[in-house]
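In what follows, a single structure is set out as structure tokens and then discussed.
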Amino acid sequence: MLTKDTKVEQKLRSEAKALLEQGKVDYIIGFELGSLKFTTTPLITSDKDDTSRLVINPFIANNLSVYLPDVKGRVGIVVKGCDSRSLVSLLQDNKIARERVVILGVPCRGIIDLSKVEKLVGKERDEIDDIVREEDRVLVTANGNKKEFPTSEVLFDNCLGCELPTPQEYDILLGETTLPAGDSDQAASLAKVKQLKDMPAEQRWEFWKSEFERCLRCYACRNVCPACFCQRCFVEETEPTWLLPVPRWQDNLLFQVVRNIHVAGRCTDCGECERACPVNIPLRSLTREIYEIVGELFQYKAGMDKDAPPLLACYETTDTEDFIR
Amino acid sequence: MTSKGKINKQDVAKLLSEWGKEFTVFVPSQDAGVATWARWDGKDTSFLEWYRNTIVPPKAIFLPPVEEMFSFKKDKASYQIELPASDEKTPLIFGIRPCDAKALAIIDMTFKDVYEDPYYLSKRNNTILIGLGCTNPYDSCFCTSLYDGPSDVSDVDLMLTDIGDEFLVEEVTEKGKELMAKTSLAEEATEADEVRAKEAKEAAYNKVTRQLDTKDIEEKLLANFDDKDYWEKVAAKCISCGVCTFLCPTCYCFDINDELIRNQGGRLRSWDSCAFPLYTKMPMENPRLEKWRRVRQKVCHKYGFYPMNFDIIACTGCGRCIRLCPVNWDITQALASLPVRAQA
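Top line first, the protein sequences correspond to chains Y and G. Residues in the first sequence are numbered consecutively from 180, following this note's numbering. Residues in the second sequence are numbered consecutively from 338, following this note's numbering.
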């Protein structure tokens with residue numbers, strides 16, 4: 180599981196420790212090794228000794244910026260490119276103050292989607308012996324057999340089309356160089372979305388209906404999402420009740436549609452909603468489509484410019500729609 | 338000791354067909370790659386190849402994620418109430434893991450307590466549980482810390498152990514014995530079969546490597562109940578979603594809502610979770626508004642309050658909460674880091 184990232188890890192640990200020691204931050208939010216094979220877990224700590232556990236590896240999937248509005252005081256936070264866009268989006272929405280965060284930026288080469296590895300080798304995560312990331316390939320050992328896959332086959336779909344591997348907004352960059360976004364494979368990243376768009380509407384409706392029949396309304400998709408920052412979600416309103424908390428496909432679909440519209444212009448395609456879903460609903464196919472629509476209609480990409488007004492929380496007198504003036 | 342027979346794996350479909358005449362047979366099934374429980378379709382036994390455990394636990398058969406308690410029609414000044422139709426056949430769950438069978442025994446205690454819950458019990462009473470011992474536990478499993486582990490027979494009617502081409506069958510209860518007496522598909526197990534079963538059980542037991550020290554856990558929790566620093570620390574990374582509770586085989590909390598559309602509607606019961614702030618919302622205040630209080634509730638309910646009320650820990654070490662958590666929040670780590678202090 181160890182990779183060439185260790186040098187970067189050492190830099191992270193010493194920077195994080197120094198930030199706490201010098202009183203520049205009250206908390207560090209980063210990743211440490213998870214309790215299960217090939218997993219990492221968020222580490223939120225004010226203890227400088229804990230910083231020796233910080234890791235950076237190809238399994239740091241969580242978007243840690245989700246914790247920012249709730250962690251008090253000044254915070255040093257580890258972000259990948261996509262996470263940094265969520266962080267910038269939170270700055271745009273005034274959910275956090277820039278001077279309250281010290282951004283530890285990670286130039287990211289993509290995160291390994293364990294469910295893809297599982298499918299490729301026909302074994303579940305805990306049955307796999309080793310996964311090693313090299314430059315442009317990943318070596319997977321299972322049952323004593325070592326197999327080699329191009330990284331494009333094992334990274335998360337959203338990583339394949341990453342538009343910002345290295346955070347633009349950072350205080351400390353962990354890594355010697357920034358990574359170019361030029362070689363991102365938009366077609367691969369959008370393959371599932373396109374497949375759905377190409378379906379006749381009726382078939383697409385049946386698809387989503389059957390997907391949302393599995394939804395349990397655990398709200399993992401909402402709670403891992405940095406863009407879902409409402410103090411109280413509309414589904415938790417009881418006077419009046421907008422939507423019952425019962426997992427029927429109609430209610431589930433409506434919940435997700437409203438959630439998607441609420442995060443339009445804030446969603447940075449980090450893919451957390453889909454990854455968190457315990458019943459494999461391809462939620463990114465919805466969020467990514469909204470992301471595309473936002474791009475087409477407003478020529479806007481969320482979280483790219485901290486000084487830009489938040490797309491759907493502002494207006495211009497030159498707007499073509501006159502209802503808003 | 339229980340008497341033993343064996344069943345050839347190739348005869349499982351025939352056996353399930355026999356049982357299907359008398360019972361509603363549930364088997365592990367995949368819904369778009371998600372392992373869950375479903376009524377057997379009369380032919381597919383491929384789960385024998387892929388099944389380790391389901392994502393959705395078998396409690397969903399008795400306490401469905403959503404169920405209509407009754408429907409009603411408003412008719413001028415009165416309401417007409419209609420109760421839901423019930424399945425006439427008794428459920429038979431084929432292949433339930435010992436952890437999930439124990440979990441049902443645990444939540445039975447609540448649903449059979451002072452108030453007897455007719456919705457749960459009408460489905461659960463007389464249910465036949467055909468256990469299937471684990472041979473390939475996950476790295477998140479810690480059942481051996483809580484009871485006899487992956488081959489425990491205490492909560493099933495029959496227990497099957499994989500011995501290669503066959504399952505060794507232990508008749509645990511009278512109901513189990515009757516089932517085996519009725520079928521002509523079973524053979525008597527040989528001594529060699531029993532040796533193989535014993536070896537398989539031992540191997541499975543040893544594969545469970547995650548450990549949790551449950552000694553005095555109830556007292557330890559109570560002693561640390563007011564340690565806000567500890568609870569804030571362990572709760573920090575929790576995102577307050579419902580994954581661990583919804584998919585926990587022993588979590589049984591539910592919500593009830595009435596739905597009225599024009600002049601008809603229904604009363605719906607659905608899963609609820611103590612991780613949600615809305616769960617404890619009251620007109621004036623929310624006693625568990627902060628996350629650490631909700632995390633504390635979840636942990637203490639399983640390892641403190643349930644033992645106080647029913648003399649058993651409401652956790653069977655199935656590990657779903659660990660392996661399905663979006664942030665890898667690990668209850669075994671949280672409990673292992675409880676501060677040691679003099680009892681309060």
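Each residue gets a CB set at the ideal place from its N, CA and C atoms; glycine is no exception.
In the same chain as Phe647/G, and ignoring 5 residues on each side of it, the C-beta atoms closer than 7 Å to its own belong to Met446, in chain order. Contacts with chain G at 9 Å (Cβ-Cβ) do not include Gly354/Y. By the Cβ-count criterion, Leu597/G is exposed, with fewer than 16 other Cβ atoms from all chains shown falling within 10 Å of its own Cβ.
Contacts with chain G at 9 Å (Cβ-Cβ) do not include Asp484/Y. Here Ser491/G is exposed, its C-beta having fewer than 16 other C-beta atoms within 10 Å.
If you look at Val258/Y, you'll find it in the beta strand (DSSP E) that goes 254–258. With a 10 Å radius around the Cβ and a threshold of 16 neighbouring Cβ atoms, Cys493/Y comes out exposed. A direct Cα-to-Cα measurement between Thr653/G and Pro435/G gives close to 9 Å. Cys590/G is a Cβ neighbour of Ser610/G, given a cutoff of 9 Å. Within chain G, the residues Lys570, Ala573, Lys574 have their CB atoms less than 9 Å from the CB of Ile223/Y, given in chain order. Looking from the CA of Arg599/G, the closest CA among Asp348/G, Lys413/G, Val362/G belongs to Lys413/G.
Those residues of the stretch 402–431 of chain Y placed with their C-beta closer than 7 Å to a C-beta in chain G are Asn402, Val403, Glu415, Leu423, Pro424, Val425, Pro426, Arg427, ordered along the chain.
At a Cβ-Cβ threshold of 9 Å, Asn594/G and Pro424/Y count as neighbours. Within the DSSP bridge table, the entry for Ser408/G names Glu419/G, Gly603/G as partners. With respect to chain G, the C-beta atom of Asp262/Y has no partner C-beta closer than 9 Å.
Within the same chain, Leu353, Val362, Val364 come within 6 Å of Trp377/G by CB-CB distance, once the 5 residues on both sides are set aside. Comparing alpha carbon positions, the residue from Gln634/G, Phe431/G, Asn462/G closest to Gly470/G is Phe431/G. In the three-state DSSP reduction, Leu462/Y falls in the coil class, being neither helix nor strand. If you draw a straight line from the Cα of Phe504/G to the Cα of Leu522/G, it is about 12 Å long.
If you compare the alpha carbons of Pro395/G, Tyr388/G, Glu359/G with that of Leu584/G, the shortest gap goes to Pro395/G. Approximately 7 Å separates the beta-carbon atoms of Cys397/Y and Pro457/Y; this is inside 8 Å, confirming the contact. In the DSSP assignment, Val362/G falls outside any alpha helix (DSSP H) and lies within the beta strand (DSSP E) extending over 360–368. One Cα belongs to Tyr452/G, the other to Thr427/G, and the distance between them is close to 22 Å. About 11 Å separates the beta carbon of Arg277/Y from that of Arg253/Y, a gap too long to meet the 8 Å contact definition. Counting of Cβ neighbours within 10 angstroms places Gln382/Y among the exposed residues, the total staying below 16. By DSSP's assignment, Tyr206/Y forms a beta bridge with Val254/Y. As DSSP reads the structure, Ile433/G sits in a beta bridge with Gly468/G. Under DSSP, Pro329/Y shares a beta bridge with Arg316/Y. Looking at the DSSP output, Pro428/G bridges to Thr361/G. Met496/G sits in a strand when the DSSP states are folded into three classes. Counted as a single uninterrupted DSSP element, the beta strand (DSSP E) harbouring Arg376/G occupies residues 371–376.
Taking a beta-carbon distance threshold of 9 Å, Lys190/Y does not count as an interface residue toward chain G. In the three-state reduction of the DSSP assignment, Gly513/G falls in the helix class, which pools H, G and I. Contacts between Ala534/G and chain Y, judged by CB atoms closer than 8 Å, are missing: the closest CB pair is about 23 Å apart.
Going by DSSP, Ile398/G is part of no beta strand (DSSP E) but of the alpha helix (DSSP H) stretching over 396–399.
Three or more beta-carbon pairs separated by less than 8 Å are not found between the stretch 507–523 of chain G and the stretch 628–640 of chain G, which leaves the two stretches without contact.
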